[in-house]
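**Q** Here it is, the structure in full.
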C-alpha cells in the first residue's frame with residue numbers, strides 16, 4: 008500500500024490548467040521530491056495532498072484511504088513552509104506542542120514529546136524563546152519539530168530551504184535528510200533546486216508546465232533523462248541534433264556533422280526506437296578539454312575552439328564551438344583555465360552520451 | 053534665518069491649536085465663580101459641582117454605555133467584515149469595501165439626515181437603539197481600516213500551519229488569527245469608543261427625547277450660560293478622549309513587540 012497515491016489528478020484555476028492528469032504512488036517511508044521551475048505545478052500538487060486545494064478531478068488517497076473530502080485538519084499531515092510560518096505569539100515549546108493540543112495527549116506526555124522533538128532537531132534549550140529571537144535556520148528546525156511531533160502520516164515540505172542562505176542551506180539539507188531517515192516518515196519535498204533534489208531524494212518527479220516529465224531515482228533522472236526538458240533542467244547539458252543510423256545488438260549508432268561516429272549503449276536511449284533524427288545529450292561536465300593536438304585511446308576526440316570562459320574558482324565553464332555546434336563544458340581547473348580563443352581537443356566517452364527521440368510538440 | 057521663521061511659525065500654529073484647550077483645562081481649576089479669567093485661585097470646586105450635577109452624570113453614563121456598546125458591536129462586525137474581505141473571495145469585494153468605508157467620506161450631517169429619513173420611511177421612531185446603530189455605522193470604517201491592514205500582514209501560512217496541525221478553522225481563528233489581530237482589534241475598539249463618545253452631529257439628529265450624551269448636554273448647557281463646570285467637564289472629556297487612545301496605542305505597541313509585529 009502506498010503512503011500517498013494520486014490518480015488522474017487535474018487542477019484547474021478558471022481556464023488555466025495547473026496540473027494535467029497526474030498519477031503518482033509514493034512508497035511508505037520514502038523521500039520523494041517534486042522538482043521543477045516555478046509555475047510547473049509542484050506546489051499546487053503539494054497543496055492538494057495537504058488539503059489546502061481541492062483537485063478539480065481525480066482521487067487522492069493517503070494510506071489507502073480516499074481523502075478528497077477530508078479537510079486538512081483531519082488528514083494528520085506535517086507541513087513545513089518556506090517562510091517557517093511559526094506562530095509569532097507563542098514560545099518555541101508552545102509552537103511545537105500546538106498540534107498535540109488537538110490530539111489525545113496528556114500534559115506530561117506532551118512535554119516529553121516536545122522535548123524529544125527539540126532534541127531531534129538539535130535545539131533542546133530554546134523552548135522558552137519566541138520565534139523572532141531565533142535565526143532563520145533555527146526557526147526552520149523548530150517548524151520541522153512542530154510538524155513531526157504529531158507523528159504525521161506524511162511530511163510535506165514546501166521549499167523549506169529556499170529562505171536560508173547558501174551555507175546554512177547545505178547544512179540543513181543534510182540535517183533534514185538525517186531526521187527524515189531517523190523517524191522514517193514518508194516525505195514529499197517540493198523544490199526548484201536540482202542539487203537539493205539529487206542529494207536528498209529516493210525518487211524525483213520532474214515536472215514542467217503541470218505535467219510529469221520523468222519519475223525516477225536521482226541517478227536515473229540525471230543520467231538518462233526521458234525528455235529534453237529533464238536533460239536541460241538537471242545540470243548543464245548539450246543537446247545536439249543527430250541522426251540515428253543503426254540500431255543493432257543493443258547499441259545505437261549516431262551520426263552528426265563535425266563529430267566522429269558515436270555508438271552508445273541502448274539503455275542510454277530507451278526512447279529511441281529506430282533510425283531517423285534524434286537528439287544527442289551530453290552533460291557539460293563529461294566533456295574534457297585538453298591542449299590541441301592530443302588524443303586519447305578509448306575516447307572520442309573532437310577539435311573545438313573556446314569562445315568564452317566563465318571562471319568559477321575551482322572549475323570553469325567553457326563555451327565552445329565545434330564545427331557549427333555551440334557547446335558547453337564544465338571542467339575542474341588544474342593550473343590555469345583555457346583562455347578564450349584557444350584551440351582545444353575535446354574528449355568524451357560514448358557511454359556518457361544519451362539519445363532522446365525528437366519531440367514533435369514544441 | 054529661514055529655519056528660525058519656520059520654527060516660530062510652527063510654534064504659533066501649535067499655540068493656535070492647543071491654547072484654547074489649555075485655557076479650558078486651566079479655567080476648570082479656577083476658584084472664580086465665572087468660567088473666565090482672571091484666575092482667582094486654584095480649586096477643584098467645579099469638578100465637585102460637576103460630580104453633583106445629576107443631568108451631566110446621567111449624560112456621562114449614557115455616553116459611556118453608548119460608547120462601549122458601539123465599540124463592541126463595531127469591533128465584532130469590523131473583524132468579521134475584514135476577515136471576509138481579506139481571507140475569502142467575495143464577489144464585488146472592492147465595492148463592498150468602498151461601501152463600508154463610505155461613512156467616513158460622506159458628511160456626517162448628510163449621513164445623519166439620511167438615516168433619520170430612512171427610519172421615518174420605515175416608520176421606526178427614534179430610540180437608543182437607533183442612536184447606537186448610527187454610531188456603529190460611522191465608527192465601523194475606522195475599525196475595518198485598522199483591522200484589515202493588520203490582517204493583510206498576517207501570513208496565510210501561519211493559519212495553514214495551524215490547520216495542518218489539527219486545529220479546525222474555528223480553533224485556528226481563536227488560537228492564531230485573533231491573538232495576532234489583537235493590537236488592531238484593541239485600537240479599532242478604542243477608536244470606535246472615542247469617536248462615539250465625542251460625537252455630536254449625528255447624536256443630535258438621532259437621540260430620542262430625554263436622552264443626552266455628554267456632548268449634547270454641554271451643547272444645551274451652553275445655550276443658557278457659560279458655567280465654569282463646563283470647563284471642568286471639558287477637562288474630563290480631554291483626559292478621556294486623548295488619554296484612552298494613548299493608552300490604547302501603548303498597549304498595542306507592547307502587544308505588537310511581544311508578538312513580533
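Residue numbers (the working numbering), protein chains in the order written: chain W, 8 to 369; chain R, 53 to 313.
Virtual Cβ for every residue (Gly too), placed ideally from N, Cα, C.
Note that the structure is a prediction, hence the values are computed from the model and not measured.
1) Exposed or buried, which one is residue 289 of chain R when buried takes at least 16 other CB atoms within 10 Å?
2) Less than 8 Å separating the beta-carbons of residue 224 of chain W and residue 302 of chain W?
3) From the DSSP output, in three-state form, read off residue 75 of chain W for me.
4) Would you say residue 234 of chain W and residue 282 of chain W are within 8 Å of each other, going by their C-beta atoms?
5) For the alpha helix (DSSP H) that contains residue 146 of chain R, what are its first and last residues?
6) List in chain order: all unbroken beta strand (DSSP E) runs of 3+ residues lying wholly within the region 165 to 229 of chain W.
7) Between which two residues does the beta strand (DSSP E) carrying residue 23 of chain W extend?
8) What in chain R is Cβ-close to residue 134 of chain W, meaning under 7 Å?
9) Residue 245 of chain R: which of R:191, R:173, R:57, R:174 sits nearest, CA to CA?
10) Identify whether residue 294 of chain R lies in helix, strand or coil by the three-state DSSP scheme.
11) For chain W, is any of its Cβ atoms less than 8 Å away from the one on residue 220 of chain R?
12) Does DSSP put residue 187 of chain R in a helix, a strand or coil?
13) Determine the direct distance from the alpha carbon of residue 317 of chain W to that of residue 325 of chain W, and round the result to whole angstroms.
14) Between which two residues does the alpha helix (DSSP H) harbouring residue 282 of chain W extend?
15) Tell me the residue span of the alpha helix (DSSP H) that contains residue 50 of chain W.
16) Which chain R residues are close to residue 106 of chain W, counting only those with a beta carbon under 7 Å from its beta carbon?
17) Contact check, residue 87 of chain W vs residue 103 of chain W under 8 Å by CB: the rounded distance?
18) Going along the region 91 to 125 of chain W in order, which residues come within less than 7 Å of chain R, judged by CB to CB distance?
19) So, under 8 Å CB-CB, residue 268 of chain R and residue 184 of chain R are touching, yes? Tell me the CB distance rounded to an integer number of Å.
20) Decide if residue 52 of chain W is buried, meaning its Cβ has at least 16 other Cβ atoms within 10 Å, or exposed.
21) When you compare each of W:279, W:310, W:306, W:343 to residue 321 of chain W by their alpha carbons, which one comes out closest?
22) Could you spell out where the beta strand (DSSP E) holding residue 118 of chain W opens and where it closes?
23) What did DSSP end up calling residue 263 of chain R once you bin it into helix, strand or coil?
24) Touching or not, the region 55 to 72 of chain R and the region 291 to 298 of chain W, by the rule of three or more beta carbon pairs under 8 Å?
25) If the criterion is Cβ atoms closer than 8 Å, does the pair residue 125 of chain W and residue 134 of chain W meet it?
26) Out of curiosity, what's the CA-to-CA distance linking residue 281 of chain R and residue 101 of chain R?
27) Please report the Cβ distance between residue 249 of chain R and residue 115 of chain R, rounded to the nearest whole angstrom; I am assuming they are in contact, meaning their Cβ atoms lie under 8 Å.
28) Measure the alpha-carbon distance for residue 161 of chain W versus residue 10 of chain W and round it to whole angstroms.
29) What is the residue span of the alpha helix (DSSP H) that residue 71 of chain R lies within?
30) Using a Cβ cut-off of 8 Å (strictly closer), state whether residue 207 of chain R contacts chain W.
31) Residue 253 of chain R to residue 196 of chain R, Cα distance in whole Å?
32) Counting C-beta neighbours from all protein chains within 10 Å, is the total for residue 147 of chain W 16 or more, i.e. buried, or is it exposed?
33) Output needed in chain order: residues of the region 226 to 250 of chain R with a Cβ under 8 Å from some Cβ in chain W.
34) So which of W:61, W:263, W:145, W:214 has the shortest CA-CA distance to residue 330 of chain W?
35) Under 7 Å between beta-carbons, which chain R residues line up against residue 79 of chain W? List them in chain order, please.
36) So, does the CB of residue 3 of chain W fall closer than 8 Å to a CB anywhere in chain R?
**A** Per the coordinate set shown:
1) Against the second chain, residue 289 of chain R aligns to sequence position 237. By the 10 Å Cβ count, residue 289 of chain R comes out buried.
2) The residue labelled residue 224 of chain W in the question sits at position 217 within the first chain. The residue labelled residue 302 of chain W in the question sits at position 295 within the first chain. No; because the gap between Cβ atoms is not below 8 Å, this pair is not in contact.
3) Stepping through the first chain from its first residue, residue 75 of chain W is reached at position 68. Note: residue 75 of chain W maps to coil in three-state DSSP.
4) Your numbering for residue 234 of chain W matches position 227 in the first chain. Your numbering for residue 282 of chain W matches position 275 in the first chain. No, the pair does not count as a contact, with Cβ atoms beyond the cut-off.
5) Within the second chain, the letter at position 94 stands for residue 146 of chain R. Where residue 146 of chain R is concerned, the enclosing alpha helix (DSSP H) stretches over 145 to 157.
6) 193 to 198, 210 to 215, 218 to 223
7) Walking along the first chain from the start, residue 23 of chain W turns up at place 16. It spans 23 to 33 - the beta strand (DSSP E) in which residue 23 of chain W sits, taken as one unbroken run.
8) To locate residue 134 of chain W, count along the first chain from 1; it is residue 127. Result: empty, since nearest Cβ-Cβ is about 17 Å, beyond 7 Å.
9) Against the second chain, residue 245 of chain R aligns to sequence position 193. Checking every option, the nearest Cα to that of residue 245 of chain R belongs to R:191.
10) Residue numbering aside, residue 294 of chain R sits at position 242 when the second chain is read from its first letter. Correct three-state label for residue 294 of chain R: helix.
11) The count along the second chain starts at 1 and reaches residue 220 of chain R at position 168. Yes, contact with chain W.
12) As a working mapping, residue 187 of chain R is identified with position 135 in the second chain. Residue state, collapsed to three classes: helix.
13) Locating residue 325 of chain W in the first chain gives position 318, counting from the first residue. Locating residue 317 of chain W in the first chain gives position 310, counting from the first residue. About 6 Å.
14) Position 275 of the first chain, counted from the start, is the residue given in the question as residue 282 of chain W. Run containing residue 282 of chain W: none; DSSP gives neither H nor E here.
15) Within the first chain, residue 50 of chain W is the residue found at index 43, counting from 1. Residues 49 to 57.
16) The sequence position of residue 106 of chain W within the first chain is 99, counting from 1. Under the 7 Å cutoff, chain R gives 217, 218.
17) In the first chain, residue 87 of chain W corresponds to position 80, counting from 1. In the first chain, residue 103 of chain W corresponds to position 96, counting from 1. At roughly 13 Å, the Cβ-Cβ gap does not stay under 8 Å, so residue 87 of chain W and residue 103 of chain W are not in contact.
18) 92, 94, 95, 96, 105, 106, 109, 110
19) Counting from one through the second chain, the residue named residue 268 of chain R turns up at place 216. Counting from one through the second chain, the residue named residue 184 of chain R turns up at place 132. Actually they do not touch by this definition, with Cβ atoms about 15 Å apart.
20) As a position in the first chain, residue 52 of chain W is number 45, starting the count at 1. When all chains shown are included, residue 52 of chain W counts as buried.
21) The sequence position of residue 321 of chain W within the first chain is 314, counting from 1. Measuring from the Cα of residue 321 of chain W, the nearest candidate turns out to be W:343.
22) Walking along the first chain from the start, residue 118 of chain W turns up at place 111. Here residue 118 of chain W belongs to no beta strand (DSSP E); instead the alpha helix (DSSP H) covers 114 to 127.
23) Position 211 of the second chain, counted from the first residue, corresponds to residue 263 of chain R. Of the three classes helix, strand and coil, the one that applies to residue 263 of chain R here is coil, per DSSP.
24) no
25) For this step, residue 125 of chain W is matched to residue 118 along the first chain. For this step, residue 134 of chain W is matched to residue 127 along the first chain. Yes, they are a contact pair.
26) Position 229 of the second chain, counted from the first residue, corresponds to residue 281 of chain R. Position 49 of the second chain, counted from the first residue, corresponds to residue 101 of chain R. Each residue's alpha carbon lies about 7 Å from the other.
27) For the purposes of this step, residue 249 of chain R is identified with residue 197 of the second chain, where counting begins at 1. For the purposes of this step, residue 115 of chain R is identified with residue 63 of the second chain, where counting begins at 1. Sure, about 5 Å apart at Cβ, within 8 Å.
28) As a first step, residue 161 of chain W is located in the first chain; it is residue number 154 there, counting from the start. As a first step, residue 10 of chain W is located in the first chain; it is residue number 3 there, counting from the start. Distance between the alpha carbons of residue 161 of chain W and residue 10 of chain W is about 7 Å.
29) The residue you call residue 71 of chain R lines up with position 19 of the second chain. Unbroken alpha helix (DSSP H) run through residue 71 of chain R: 54 to 80.
30) Here residue 207 of chain R refers to the residue found at position 155 when the second chain is read from its first residue. Closer than 8 Å to some Cβ of chain W, the Cβ of residue 207 of chain R qualifies, so yes.
31) Walking along the second chain from the start, residue 253 of chain R turns up at place 201. Walking along the second chain from the start, residue 196 of chain R turns up at place 144. Between residue 253 of chain R and residue 196 of chain R, the C-alpha separation is close to 22 Å.
32) Position 140 of the first chain holds residue 147 of chain W. So residue 147 of chain W ends up on the buried side.
33) 227, 228, 231, 232
34) Translated into positions along the first chain, residue 330 of chain W becomes position 323. Ranking W:61, W:263, W:145, W:214 by Cα distance to residue 330 of chain W puts W:263 first.
35) Indexing the first chain from 1 puts residue 79 of chain W at position 72. Near residue 79 of chain W (Cβ distances below 7 Å), the residues of chain R are 215, 216.
36) Not covered by the structure: residue 3 of chain W. The range shown for chain W is 8 to 369.
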